[in-house]
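Undergrad: The structure follows.
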Amino acid sequence: MVCTKREAEVFNYLIQNYSTKEIAALMGISDKTVRNHISNVILKLNVSSRTQAMLELIRLNQLKIDG
Numbered sequence: 000m001v002c003t004k005r006e007a008e009v010f011n012y013l014i015q016n017y018s019t020k021e022i023a024a025l026m027g028i029s030d031k032t033v034r035n036h037i038s039n040v041i042l043k044l045n046v047s048s049r050t051q052a053m054l055e056l057i058r059l060n061q062l063k064i065d066g
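If you're matching positions, the sequence shown starts at 0 in numbering that gives the first Met the number 0 and goes up one per residue.
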């Protein structure tokens, strides 16, 4: 598992097109904490953007696209 439960939760909201501020409100955490979770995953995956992180998490079967 690459992500913590909270990091995965953030990326599940991101893939649904929620903004950082919306995610913070939904999770009851600060905007900065959401950005930290995103940055941590980007570092763990050794990618350069949140979009690349989402694609890599999908590839690793850690993130699903509901369709």
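C-beta: ideal position from N, C-alpha, C; glycine also.
Since Tyr17 is in the alpha helix (DSSP H), which residue starts that stretch and which ends it?
TA: Looking at the DSSP string, Tyr17 is not in any alpha helix (DSSP H), and its letter there is neither H nor E.
Undergrad: Leu54 to Arg34, Cα distance in whole Å?
TA: Each residue's Cα considered, the two are about 18 Å apart.
Undergrad: Any idea what DSSP makes of Ser38, helix, strand or coil?
TA: Looking at Ser38 - three-state DSSP - the assignment turns out to be helix.
Undergrad: Since Glu6 and Val46 should fall inside the 8 Å C-beta cutoff, what is the C-beta to C-beta distance between them, to a whole number of angstroms?
TA: Not quite, the Cβ-Cβ distance comes to about 14 Å (not below 8 Å), so this is no contact.
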